[in-house]
Amino acid sequence: MSLWVDKHRPKELGKLDYHLEQAGHLKKLVECGDFPHLLVYGPPGAGKKTRIMCLLRELYGPGVERLRIEHQNFQTPSKKKLEIITLASNYHLEVNPSDVGFYDRVVVQELIKTCASTQQLDTTGQRHFKVVVLTEVDKLTKDAQHALRRTMEKYMATCRLVLCANSTSKVIPAIRSRCLGLRVPAPTVETIAQILQCVCKKEGLSLPSELATRIAEKSNRNLRRAILMCEACKVHQYPFSSNQEIITPDWEVFLQDTASKVVEEQSPKRLLEVRERIYELLTHCIPPEVIFKGLLREMVKFCDGEVKCEVTRLAAYHEHRLHLGSKAIYHIEAFIASFMALYKKFLEENMSKMF
Amino acid sequence: MDEFPDPEDEFELLHAQEMEAMREMEEFDVEEASRQAALIPPSFKRSLNFTSPTPLSRTPTNSPSSRTTTSSEPSSTTTSSEPSNTTTSSEPSSTNTSSEPSNTTTSSEPSNTTTSSEPSNTTNGPPLSHTTTSQGTLLNDGGTSMSDNGVERQTQLGGTITGGRKRPPPEDDGFEEALDILDQDDFATHRKKRSRPLVPMLGLSTLLGGKKSQDEQNEEDMLLIQQITELRNSLSKTQQHNIHHQDLQGISTALVDRVAPVAPNIHRHIPSSGDFQAVTTDTGRRFYLGRLEEDEWDARVAAVGTRVGASTHLAVGSSYLQLKAQVEREQIRRDAQLAKRIRDEEDSGMESGVEEETEERESLWVEKFKPQHYLDLLSDESTNRLVLHWLKLWDKLVFGVDKKPKKQEKKKKDFQKDNKFNKFGKKFGPEVIEELDDHNRPVQKVLLLAGPPGLGKTTLAHVLGRHAGYHTLEINASNDRSPEAFRTALETAATMRSVLGLSPRPNCLVMDEIDGAPAPSINLLVNMLTGKDMGRATKKGSKKKEATVLHRPVICICNDLYTPALRPLRQIALVVQFPPTHTARLAQRLLEITRKRDLRADLSVLMALCDKTENDIRSCLSVLQFVRSSRREVRLEDVMGAAVGQKDHQRSLFNMWSDIFSIPRQKKIRRNPLQEPLADVSDGTLPPMPDLNGDLSKVGEDTALNYRVQRILSTTYHAPFDKLTQGWFHNYLNIKTASLDNISRGLDWASFTDIQLAEVGHSQSWSLMAYLPYACVSYHLLFASHQWYKIQFPTQMNEIKQKQTKMENLITAMVNDMSPKTRAHLNPPSPSRMTCDLLPFLLHIIQPNLRPVNTQLYSKQERADLNALIDTMLAYNLTYTQERDQNGQYSFTLDPNIEEVVQFPDMKSERQLSYPMRQLISREVELERVRRAEARFTIMENETSTTSKDKRNPPSSKPQNEVAATANNPKVPLPNHLHKLQAKPLSKPGNVQGAGKKVVDGEIVQAPRDFFGRVIENPVNHQAKSTNNEIVKSDIWFRFKEGYSNAVRRTIRMKDL
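Taken in order, these protein sequences are the chains called A and B. For what it's worth, the UniProt record's numbering labels the leading residue of the first sequence as 1, then goes sequentially. For what it's worth, the UniProt record's numbering labels the leading residue of the second sequence as 1, then goes sequentially.
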């Protein structure tokens, strides 16, 4: 537990650094004894999981922090054996059903059934329900989500679900309506800088406020990343200087280079080179959405107003198709190719205007 | 089987087919006449027979016999033996039936009965010996073998001359024979049938010269003969008239009708009354010849006699018995004729049907125009030769070399020599088969013909089998092909030959459609072919060894050579891939056929048809026949409209890709359906296509495009679109001409395909697949060029996928073994999230700037950093392991090698820890792990064994202190619930702890080093050893040995580390 992210993570609702009002609401919610299913959503690094853990601690006491890893086995109707890893304490169970991909429905049904069908024996001093935390709900298949909504109602007496998602757009309305939505927005840059200062103070280090702000800006308002960045910076160079280099992940640099390659030259040959790079990114488990975003961010810098709109539209169009399809490379390349065509036309027009 | 027929017979064997055909041709000329003869009432015909010695008058009656003369000599065939010639396979029985009654009735006339009962002698006897002995036999038996019409006539003549003589004297007989031969000779030259039969004739006529003196005595007789011939002449004229009259009738009547009324004695079904004899033709049809009762027969003969007597010809005064024999022969011959005609009808019913345009009786053209001879074959000549060569390689084994005449043998040897030098000449490896001493089989014991349907593989096998002198035996998919059935078929084929029939040829097995046969059957075949070893192995078994070895050629035919079941067969077989027929050649043949069938067709149309069907002869013919059934002209639109050539081609992916990327040659556009109507306009017929009014050049272009679209649609209409698109994606950027606009449009289609496929996969709505070929069309239209590109197989996608899986596995391996607490806050612990956020920074964080010196030399701050690092690494389940790279150099790499995941190829390499540093960290991580495990263990010990705590206290306190002291961090991850329990032992031995600390401090201060720069910890060890002897008594203890020799070997306890 020596990464700063882990070490300085608040464990109680009262110790949260931001969204304090929300924390107060949560506290009240727990105090009144019962609480509904929760759907916690927000961008990565905003503190969803921290809040969930705090909430559980508030509910059950420090016992929830005694976690164990369990390997659960399931069998699909087609006799296929599945194994999924769950994280459990005596009071709750955490699972990421999208780990098993297509078969997530089985996991959702079976796991929750087994967990929720048992009553708590000793209800004195304890809650009469268990909590099942499902992560990445937005990645569940529609089947699994539909299976979930039935289960949610059926085992309401013994079980509460805490769903965790990045966005509700992929959660079916039926589930959304069954849960209390809890949006955890990303912390502001100022908050992040403040937290960084706080962490450094705890570590006994002095962090220049400029550097803190820069890190906060660079982290895209992702607190986890900000703290990691900060620690990496510390490892890289300590004592801090306000203009020191902030470590950026390789893939970001790589993606930026790729985008600038696209802008540099528009030809089939270049497209082939870019394809190799996109393949490289994909093999390194960089999600295609991130690639789209990164490319667009770089590309837009080189475009004029009207073209900017068009490029963005193209990116949106192709990303949408990406979600419909299955092979990311086609869609990314299609986006790049159409950008190339558009950009080339744009350049040629500019040239002709000049002469 | 061993003895081979002598050369003359062999010739017949080889050319029996041709000869038969020739015979049939001849028959054709006289068919009308013979049919006529059948219609003539017996009495009438017989009278004709008796009284018309001149060639002119003889024609109608002679016609059946003239057909037989073609075999080898004119006089050798008898009327009674004729059936044996004509109805080949089962004729002996039929001759018996006909001869049987005659035997019983005409026992007094031995000469005639023998003639009829010994047909085979006369037919198969060598010609030369026959001519020389003919005199003798004639003298003895009264013309054993000469029962030709001439003989008949001659015997009659003899009768007239001698005047009711019962048995003519030998001399007279000889004379008569000569006379007859003269007559015959005359007849033969007159007919100009064949030059060959004449040779023995001449020999006879010279013989005749020697007898001249005797003949002169009988000048009177000659006069008489002249009279008789005159009489015959006059009669024949009237007869001829009659024939003409009846001819018309005969033609008008249908064939079936013709048969039935004329032959009350021959039935197609078992006759309802009376005795009968069954006859089977070689086509498998069965006929039933009614048998006359003896009385009835006699009565009939008697009736004939009276009728004959009533006519003028009885004046000749031949004996009753002679007449009776005559009648018998007549009867027999007529029956035989009928039988033959029926058979002929069946065999080549078309032959007559063609002329008479009885279209409804036509068989399929495919059958009718099947090549009969080697030269008719349409398939590739080299393939034909290859197959024939292979078949000929079997000659040595099958036909043997025993009785071969010199010439033949020499020829064969030459042939074999040739083989030795051709490409598969090595096949004459001597393979000794038990029982048979020196019989050689080709090394490739089986021929495997492979190719698409309709190219004539089966036909080739049959024709060549026949050509090489075999009787082809076909086993195809319609037969039972279980292993047992296979075995019996193979064994019978190998061991038996057809006993019945004219030419007992050895069998050649043709296994058609073998790719559909079950694998066990094919394995059986392979075992039998390679039989030798198998036979020995299964000697004890019930199977006989010799039965499992095949002595006959086997030709297997398949469409798909790469059927898994065929794999063993492929190894031992001579695999001949059937090349497609040349379009021009096929079209030429089609043209011939259309001419024959009175169907107007242009060569270009036929070429188009060939193109469309991909040179499938069968479907070409079917289309033509179909067109012919309604019309007399084939037009291009017929061809285009016909639903042929749209087979489910198993086109390979590469073909599809090359189709997509290439624009077809101009020649293919010949199929343009608009060209033919143009020609039609000139003919005066109306153009069937209304859009001809437009600009023609433009129309051509349009259709070219249209054709291209159609072509792609047809090739890809059930392609594996996934792979197809991948292949396109992989290759399209190599097309130089592609513009960016085209590229983005093409990619749009690619992503469309992807979306469709995803949707199909998700919702199982396969109907969406119908749209996908259009994506291929657009790829084609956007990227096709005339240039040729090397198309690569799209391996990249799979490689990428594998790499990605590997990366994901690395991360999952890391995540799975993480400590649960760390894991709980990874939200979510999916690989992509990890790589984006955590791992890049983590990799930096775990590589701090530490001095690569002994840890003992670290300052407190450094020490803390190191501990933090190790803690992190343990929390994230990382460590360094030693690995050896290709150069044999050792290096430490991260264990779940997340470096690989995080780092990109051409990025500037990140700062990396040095080798000793990594070694140090790895060591520390390992130690820390053990320490934690030990800590947990001891704690559990303490917890569980409360009673033994007091006893254990002295030894257990020490390590705990050590741990607490050396680790110097309070974050030893003890589970929450144990914190209380741990406090007890700590509180008790407070003094000891202080002592321990002192020791540690002392170490740091003194730091005595050994050779390797390690701190010598001997004093501590000694102390520990001397004080803690009880450790040895405890349940678990470690003994750690380091180094290679005793020089540095020492015992170190875990707790000391």
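Backbone N, C-alpha and C define an ideal beta-carbon position, used for all residues, glycine too.
Does any residue of chain A have a CB that is nearer than 8 Å to the CB of N809 of chain B?
no
Are P506 of chain B and Y562 of chain B closer than 8 Å when you measure CB to CB?
no
Counting contacts by CB-CB distance shorter than 8 Å, is F661 of chain B in contact with chain A?
no
A519 of chain B to R105 of chain A, Cα distance in whole Å?
Their Cα atoms are separated by approximately 42 Å.
For L223 of chain A, write down the residues that DSSP places opposite it in a beta bridge.
Answer by DSSP bridge pairing: none, since L223 of chain A is not bridged.
What residue ranges within the stretch 247 to 332 of chain A form continuous beta strand (DSSP E) runs of no fewer than 3 residues, ordered along the chain?
For the stretch 247 to 332 of chain A, not a single whole beta strand (DSSP E) run of length 3 or above is found.
For D138 of chain A and S167 of chain A, which I take to be in contact (beta-carbon distance under 8 Å), what is that distance rounded to the nearest angstrom?
6 Å
Just the Cα atoms here: how many angstroms apart are D722 of chain B and A784 of chain B?
20 Å
Quick check on R178 of chain A: does DSSP put it in helix, strand or coil?
Looking at R178 of chain A - three-state DSSP - the assignment turns out to be helix.
Here's the rule I'm using: 16 or more other beta-carbon atoms within 10 Å means buried, otherwise exposed. How should F937 of chain B be labelled?
exposed
May I ask whether a heavy atom of the ligand GTP can be found less than 7 Å away from the beta carbon of A46 of chain A?
For the structure depicted, the ligand GTP is absent and the ligand set is empty, with no information on it obtainable.
Taking the DSSP output, what are the residues bridged to S662 of chain B?
Per DSSP, the beta bridge partners of S662 of chain B are B:S785.
Give me the Cα-Cα distance between V634 of chain B and L599 of chain B, rounded to the nearest whole angstrom.
7 Å
What residues in its chain sit with their C-beta under 6 Å from that of L39 of chain A, if we drop five residues either side in the sequence?
L163, C179 and G181
When you compare only the Cα positions, how much space is there between G541 of chain B and T488 of chain B?
Because G541 of chain B sits at a pLDDT of 38, beneath the cut-off of 50, its placement in the model cannot be relied upon, and the following sentence gives the value as read from the coordinates. Approximately 17 Å, taken between the alpha carbons.
When the cut-off is 8 Å and only beta carbons count, does P187 of chain A lie next to chain B?
no
Find the nearest neighbour of L29 of chain A within the set A:V5, A:Y18 and A:L56, judged by alpha-carbon distance.
A:L56
Is it buried or exposed, Y18 of chain A, if we count other Cβ atoms within 10 angstroms and call 16 or more buried?
buried
Leaving out the 5 sequence neighbours to the left and right, which residues in its chain are closer than 6 Å to T51 of chain B when beta-carbon positions are compared?
Its pLDDT being 40, under 50, T51 of chain B is placed unreliably by the model, and nothing is read from it.
So what's E592 of chain B in DSSP terms, helix, strand or just coil?
helix
Taking CB distances under 8 Å as the criterion, tell me whether I755 of chain B reaches chain A.
yes
Do V901 of chain B and L810 of chain B come within 8 Å of each other at the CB atom, strictly closer than that value?
Yes, the pair counts as a contact, with Cβ atoms nearer than the cut-off.
Which chain B residues sit within Cβ distance under 7 Å of K327 of chain A?
D754
If you pair each beta-carbon of the stretch 290 to 307 of chain A with each one of the stretch 335 to 343 of chain A, do three or more pairs fall below 8 Å?
yes
What does G868 of chain B reach in chain A if we use C-beta pairs closer than 8 Å?
Checking the displayed sequence, the identity of residue 868 of chain B turns out to be Ala instead of Gly. What A868 of chain B touches in chain A: S2.
Under 8 Å between C-beta atoms, does C558 of chain B make it to chain A?
no
Is V162 of chain A helix, strand or coil by DSSP?
strand
Looking only at its own chain, which residues have a Cβ that is under 7 Å from the Cβ of V777 of chain B, when we skip the five neighbours before and after it?
V709, I712 and L713.
Please confirm whether L397 of chain B and T581 of chain B have their CB atoms less than 8 Å apart.
no
8 Å is my cut-off, CB to CB: does R823 of chain B come that close to chain A?
Under the Cβ criterion of 8 Å, R823 of chain B is counted among the residues facing chain A.
Have a look at the DSSP bridge pairing and note the partners of F276 of chain B.
B:G290
Measuring only the C-alpha atoms, how far is E513 of chain B from Q577 of chain B?
Roughly 14 Å between the two C-alpha positions.
Taking only the alpha-carbon atoms, compute the straight-line gap between V853 of chain B and H236 of chain A and give it to the nearest angstrom.
Distance between V853 of chain B and H236 of chain A, taken at the CA atoms: about 19 Å.
Keeping to the same chain, check which residues put their C-beta closer than 8 Å to that of F346 of chain A; ignore five residues upstream and five downstream.
C303, D304 and V307
Are the CB atoms of L586 of chain B and N559 of chain B within a distance shorter than 8 Å?
The Cβ atoms of N559 of chain B and L586 of chain B lie no closer than 8 Å to each other.
Between L740 of chain B and A341 of chain A, is the Cβ-Cβ spacing less than 8 Å?
A341 of chain A is positioned such that its CB atom lies closer than 8 Å to that of L740 of chain B.
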